[in-house]
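Heads up, the sequence shown is in our numbering, so the first residue is 92 and it goes up one at a time.
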Amino acid sequence: MLLAIAVGTAVSCTPSSDADPAPARPMSAVKPARTFSDAAYAKHIAALRTRLASKQLGHLAIRIEDPFVVIGDGSEEDLAGSAQTVRWAADRLEQAFFTHRPTQILDVFLFTRAASYEHGVRALTGSSPTTPYGFYSRHHRGLFMNIATGGGTLVHEIVHPYVEADFPEAPPWLNEGLGSLFEQSSERGGHIIGLTNWRLAGLQETIAEGAVPSFEQLTALDVDAFYGRGSGTHYAAARYLLYYLQEKGLLRDFYREFRAARAKDPTGYATLAKILGERDMPAFQARWQTYVTKLRFP
Ligand SMILES: [Zn+2]
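Okay, structure coming up:
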């Protein structure tokens with residue numbers, strides 16, 4: 092199956108900074124049939140139906156796409172189509188990167204209209220959404236999507252609970268770099284790949300202005316700095332750094348090596364230099380900038 096997932100405009104996320112999750116469960120080399128038991132899903136869905144009824148959200152279709160429960164306010168066909176995106180993204184991301192799955196059943200709410208998204212998020216979380224596209228909330232144990240804006244945001248947000256489970260304390264550049272890489276994605280040789288997307292033009296302008304932070308600075312940004320001033324450049328630079336690694340066939344090895352080395356290399360900068368075989372990272376960054384300048388979207 093080949094899916095081209097696209098999102099046309101800005102994606103923003105809610106970084107989750109709530110209480111630490113339970114330890115993630117490792118997966119065996121052979122993919123287990125299901126992360127959670129039938130009984131666990133039945134209990135979860137029964138509680139979910141009670142909660143939805145109390146919020147007077149009307150009829151919502153529900154289906155299981157392990158380790159998620161997908162809930163939609165559109166037709167059964169709408170939900171089946173979006174659930175296919177959830178299944179595809181989860182399977183391909185696990186295959187490529189993740190050896191741990193989310194430790195709790197997560198709800199994926201798919202609202203088919205901006206108004207129902209706004210209303211649904213307010214009813215379910217008590218707050219209005221801060222992004223028109225969709226977000227992941229660890230605290231509310233779910234993804235909340237305005238699916239009318241496309242499936243790209245959905246794939247982006249699916250990355251976050253996996254990173255949370257698989258790479259504790261992942262720096263924001265890695266978490267958002269991976270999320271945004273796959274917000275426009277396809278397959279190559281059975282593997283998920285990110286494609287160029289709308290973030291390219293802004294990054295090329297920032298490169299032309301000489302205003303992209305060094306990779307040493309980018310990788311060292313904490314949550315406040317990454318999501319603060321210049322966040323658009325941070326997302327884009329992280330995305331196209333990982334895109335470069337992907338195109339050189341280095342991304343999966345980089346992810347695994349960084350995860351293994353995270354205690355002594357919490358930013359990933361040393362692992363990045365190692366996997367690139369680079370002693371002169373400023374010279375590498377200059378070459379990367381030339382590479383990015385030549386990329387095209389669409
Ligand atoms: Zn994100």
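Glycine included, every Cβ here is placed at the ideal spot set by N, Cα and C.
Looking only at C-alpha atoms, which of the options sits nearest to residue i?
i	options	result
R229	L197, P262, L245, S128	L197
F202	D164, A124, L215	D164
G340	A187, Q376, V199	A187
R142	H231, Y224, D182	H231
K385	I238, E296, F159, L139	E296
F200	V303, F388, L215, P193	L215
V246	E348, G172, D315, A181	A181
V303	Q380, D129, T222, E168	Q380
L170	I238, G211, E338, E278	I238
W179	A361, I283, Y318	I283
A329	E348, G301, R353, G359	G359
A256	T324, Q195, H135, R353	Q195
A261	G301, A299, I366, F317	F317
L151	G211, H135, D129, K134	G211
L265	T310, Q337, R370, I136	T310
R204	G368, T240, T221, T222	T240
Check the DSSP bridge columns for residue i and list the partner residues they point to.
i	result
M236	L201, G225
H282	R279
A152	G163
Where residue i and residue j are concerned, what is the direct C-alpha to C-alpha distance, given to the nearest angstrom?
i	j	result
V98	R290	Since pLDDT at V98 reaches only 40, below the 50 mark, its modelled position is unreliable, and no value is offered.
L342	S219	36 angstroms
N288	S271	9 angstroms
T190	S276	21 angstroms
Q376	G280	29 angstroms
A138	Y132	10 angstroms
Y346	Q147	43 angstroms
A206	D157	28 angstroms
M372	G293	23 angstroms
A124	F159	13 angstroms
P114	E274	In this prediction, P114 has a pLDDT of 49, which is less than 50 and means its spatial position is unreliable; what the coordinates show is noted afterwards. If you take the alpha carbons of P114 and E274, they lie about 27 angstroms apart.
I153	A351	37 angstroms
R387	L286	10 angstroms
R140	D344	42 angstroms
G233	F226	9 angstroms
L333	A144	43 angstroms
P389	M236	25 angstroms
A374	D356	21 angstroms
G126	E167	As written in the sequence, residue 126 is Thr, which differs from the Gly given in the question. Rounded to whole angstroms, T126 to E167 spans 24 angstroms at the Cα level.
T244	K365	32 angstroms
P112	Y208	For P112, the pLDDT reaches just 41, beneath the cut-off of 50, and the residue's location in the model is therefore unreliable, although a value from the coordinates is still provided. Their Cα atoms are separated by approximately 26 angstroms.
T100	R320	Caution applies to T100, whose pLDDT of 38 falls short of 50 and renders its modelled position unreliable; the value that the coordinates give is listed next. One C-alpha to the other measures close to 19 angstroms.
Y335	F349	16 angstroms
V314	A354	18 angstroms
E338	K134	44 angstroms
Q175	G149	23 angstroms
Q308	S128	44 angstroms
Y224	A299	29 angstroms
I155	A130	12 angstroms
L367	R213	45 angstroms
T221	I136	27 angstroms
E369	G301	22 angstroms
T324	A361	22 angstroms
R378	G217	47 angstroms
What is the C-beta distance between residue i and residue j, in whole angstroms, given that I count them as a contact (C-beta under 8 angstroms)?
i	j	result
E249	V177	In the sequence on display, residue 249 carries Ile and not Glu. That belief holds up - the Cβ atoms of I249 and V177 are roughly 7 angstroms apart, short of 8 angstroms.
P263	L312	6 angstroms
P252	P193	5 angstroms
Y331	V254	Actually they are not in contact, since the Cβ atoms of Y331 and V254 sit about 18 angstroms apart, beyond 8 angstroms.
F306	L363	7 angstroms
H267	Y326	According to the sequence as given, residue 267 is Glu; it is not His. Right, their Cβ atoms sit about 5 angstroms apart.
S173	G242	7 angstroms
For a test of your reading of the model: does the CB of residue i fall under 7 angstroms from any non-hydrogen atom of ligand 3? Yes or no.
i	result
E260	With respect to small molecules bound, the structure shown includes ligand 1 and not ligand 3.
Contiguous alpha helix (DSSP H) assignments of at least 4 residues, all confined to the region 279-345: For the region 279-345, whole alpha helix (DSSP H) runs of length 4 or above, ordered along the chain, are 290-299, 306-311, 314-317, 322-338.
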